[in-house]
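The sequence shown: position 549 = 538 (my numbering), numbered continuously.
Backbone N, C-alpha and C define an ideal beta-carbon position, used for all residues, glycine too.
Let me begin by presenting the structure, written as structure tokens, before commenting on it.
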Amino acid sequence: MTRPTPKLAAPLFALTIGVGAFLLFQVQFILGKQILPWFGGVSGVWTICMLFFQVLLLLGYGYAHRLGQMPSAFRQSKVHLAALAVAVGVLIVRVGFWPAPIVPSEAWKPRSGDDPIVAILGLLLVTISLPYLILSTTGPLLQNWFSRCYPGRSPYRMYALSNLGSLLGLLSYPFLLEPRLPLAVQGWVWSAGFVLFAVCCGGCALLAMVVGRSAPLPATPPSLLPSDAPSDDPAPPPTLRRRVLWFGLAMVASVMLLATTTQITLEVAVIPFLWMAPLSLYLLSFILCFEYERSYIRGLWMPILLVGAGVTVAVLRIGIWVPMLVQLAVHLVTLFAACMVCHGEVVRHKPDSRHLTGFYLWVSAGGAAGGAFTGVLAPAVFPDLWELPLALVAACVLAVGIAARTALAPSGLTGNAWRRLGRATMVVYVLGVAAALAFHVQAELHGYIRVERGFFGVLRVDEDASPEGKLRRRLKHGRIIHGFQFVDPELARVPTTYYGSTSGVGLGIAHHPRRLAGQPMKFGFVGLGAGTLAAYAVPGDSVRFYEINPDVVALSAGPAPIFTYVRDCLGKVEIALGDARINLEREAPQGFDVLVLDAFSSDSIPAHLLTLEAGRLYLRHLGE
């Protein structure tokens, strides 16, 4: 016999799930903000962070699924109470060593030559893995306990509440928390919130222990079953085909999220606000689909997705000539439509509540697979940013496949005729989108003598003729030219592009008192690029480049460089590999006569190089 459920149990479950989801996404921005400048401020940092959090979410759902299979709520509660105690204990132990329990000390900054992916994953593993793992179990595990305490009530509304808490966590960080509190204080506030969560979650565990001590999970009434689920009791487990559908839909939505985020941060700036917009839309689609199922209308969202995919192809092809706000609008609308279709179909195929932990496990596995594909596999396999085109095609194919099976006939046409017409039209359209994307991908590689893709982006080298007819080699990062050099040996040492003799840097060096006096100079250049600034050194000068991207170093200063400014430099050249700000912090004052800042990631400037603290650091390294 189960005991009556206390009246305050439902609000406690709701509070715990909401607070847990809030903290789950707040910590992503707190840690992202800290480690972003440690790894050059590039978009790949956020992609790897998302991969880490998605994998931990999968592990958390796996833990919840395994725990939920225990027939006794008493045993479930005991195990989870122990896990909560250990997580709180870990935070307490760190108080004496770090600025805040989740904010690592400066000693954890990467060293020169560290693999950024390994370093980021290792840092996050040490910093937040256990508390985040516990938080990630909250949704499915507490929904399982809720179903035990409230037989006959749908637990899926709690999932929507979880996503609402996540959305509030996202929106509150850039507008409330970040502008008002230093990073260490943010870490303390979050840690206090986690302790509050642990207390509330412990209360839910005790309720499940007392109310549903040994009762099996009650069956869901027929009115709460999905339309395609059998009504027999007990409900049979979902088929493999259905589980694969959950996995595939979740993976496509995850790849769309990460690929869209990479696209907009690469061309604008790598800042938490631009991380927030795609992720907020992604979560909003979860909230709408799970809480307000009628908001997902196939006849509305599928056409928006198909049209958005076509417009996205045009924006990708036209490139930087499309106004930035238009690019953002197109990418975000298309992302939201794709997420609504994917998550809407996931909800339409959700199982009976006794299988919900397995359901969330498959959905989270799809999300983690999307993160692994975008963050690890794609950069290693694809020479360019092909993830977004592939995700667009996959989303359109899924939409067409689903619509072809569910098309309804309007008046004047038979059902079969309408289905055939609809299928043919959508198939032709999707094939056209796929062909346009394939053309775009091919065009992005055509005509280049070298293409290199790594953690820090895509580098391309091509040759063209200058307005005077001189052959030159150009270095591009993303869509932006980062320097060129004439092939003619007589012109190969001429500084070009933004660094000509009449540019700011050219005039500054030419009119420097030490140059006018014929004395040797010491230069510091943040950003190597093609190495053009090395052309300004004369015998006796020393040049120190700060460059984070080893692919750039290989192109401009390696054993067989494509650009030869560094090789032909008349002064002494040194290259400090790693983030410029971290290297400058660790070095003794260099006494530079001229310090030039020219670090870009495609068309965006790493924001951590433009702060007041960075400015004081630069002044420390300038000579008298």
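Residue nearest to residue i in terms of C-alpha spacing, selected from the options
i	options	result
Val330	Leu295, Val300, Phe348	Leu295
Glu282	Pro292, Val319, His338, Arg231	His338
His332	Trp351, Leu317, His344	Trp351
Ala62	Ala74, Leu229, Ala194, Gly182	Ala194
Pro168	Gln474, Phe348, Ile19	Ile19
Phe236	Ala71, Gln15, Leu387, Asn133	Leu387
Gly390	Val370, Glu376, Val416	Val416
Thr485	Ala173, Trp87, Val515, Ala523	Ala523
Thr251	Asp373, Ala3, Lys67, Cys328	Asp373
Val84	Met39, Tyr488, Trp177, Arg442	Trp177
Val515	Gln508, Val542, Leu196, Gly507	Val542
Leu559	Gly529, Val370, Pro595, Lys465	Gly529
Gly359	Thr491, Arg575, Leu47, Phe2	Leu47
Ala367	Thr36, Thr5, Gln17	Thr36
DSSP beta-bridge partners of residue i
i	result
Lys22	DSSP, once it has assigned bridges, lists no residue as partnering Lys22.
Phe514	Phe534, Val585
Arg449	Val440, Lys465
Lys561	Ser531
Contacting residues, own chain, Cβ-Cβ under 6 Å from residue i (five flanking each side not counted)
i	result
Ala565	Tyr535, Asn572
Leu606	Leu573
Pro105	Phe28, Phe444
Gln65	Leu56, Met59
Gly9	Leu124, Thr127, Phe186
Gly297	Val322, Thr323, Ala326
Gly158	Phe11, Phe14, Gln15
Leu153	Ile276
Val532	Phe512, Ala523, Ala526, Gly560, Val562
Helix, strand or coil at residue i according to DSSP, with G and I counted as helix
i	result
Ser531	strand
Arg439	strand
Pro219	Only weak support exists for where Pro219 lies, its pLDDT of 40 falling under 50; the value from the coordinates is given anyway. Correct three-state label for Pro219: coil.
Ala506	coil
Gln175	helix
His471	strand
Ser203	The pLDDT assigned to Ser203 is 44, lower than 50, so where the model puts this residue is not dependable, and the model offers no usable value.
Ala423	helix
Thr209	With a pLDDT of only 40 at Thr209, under 50, the local geometry of the prediction cannot be trusted, and no value is derived from it.
His466	strand
Ile91	coil
Asp568	coil
Ala577	coil
Glu282	helix
Ala393	helix
Ala454	strand
Leu460	strand
Leu611	strand
Ile643	Residue 643 lies beyond the stretch modelled for the chain, which goes from -10 to 613, so this question has no answer here.
Ala481	coil
Gln316	helix
Thr403	In this prediction, Thr403 scores a pLDDT of 45, lower than 50, which makes its location untrustworthy; the coordinate-derived value is nonetheless stated afterwards. In this structure, Thr403 counts as coil in the three-state DSSP scheme.
Thr250	helix
Arg100	coil
Tyr624	Since the first residue shown for the chain is -10 and the last is 613, residue 624 is missing from the structure and cannot be characterised.
Gly604	helix
Tyr488	helix
Arg556	coil
Met39	helix
Contacts around residue i, its chain only, beta-carbon distance under 7 Å, and the 5 residues preceding and following it disregarded
i	result
Leu426	Val302, Pro378, Leu381, Val382
Gly497	Val583
Ala266	Leu321
Thr116	Leu20, Ile91, Pro93
Val419	Cys385, Val386, Val389
Gly493	none
heavy atom of the ligand FMN below 7 Å from residue i C-beta
i	result
Lys67	As presented, the structure is devoid of all ligands, the ligand FMN included, so that no description of it is given.
Burial state of residue i, where buried means 16 or more other Cβ atoms lie within 10 Å
i	result
Glu452	exposed
Leu255	buried
Asp477	exposed
Pro399	The predicted model places Pro399 with a pLDDT of 41, which falls under 50 and marks its position as unreliable, so this point remains unresolved.
Pro0	exposed
Trp310	exposed
Ser151	buried
Glu563	exposed
Ile81	exposed
Met510	buried
Cβ shell of residue i (< 8 Å), same chain only, five flanking positions each side left out
i	result
Arg439	Leu448, Arg449, Val450, Leu544, Ile551
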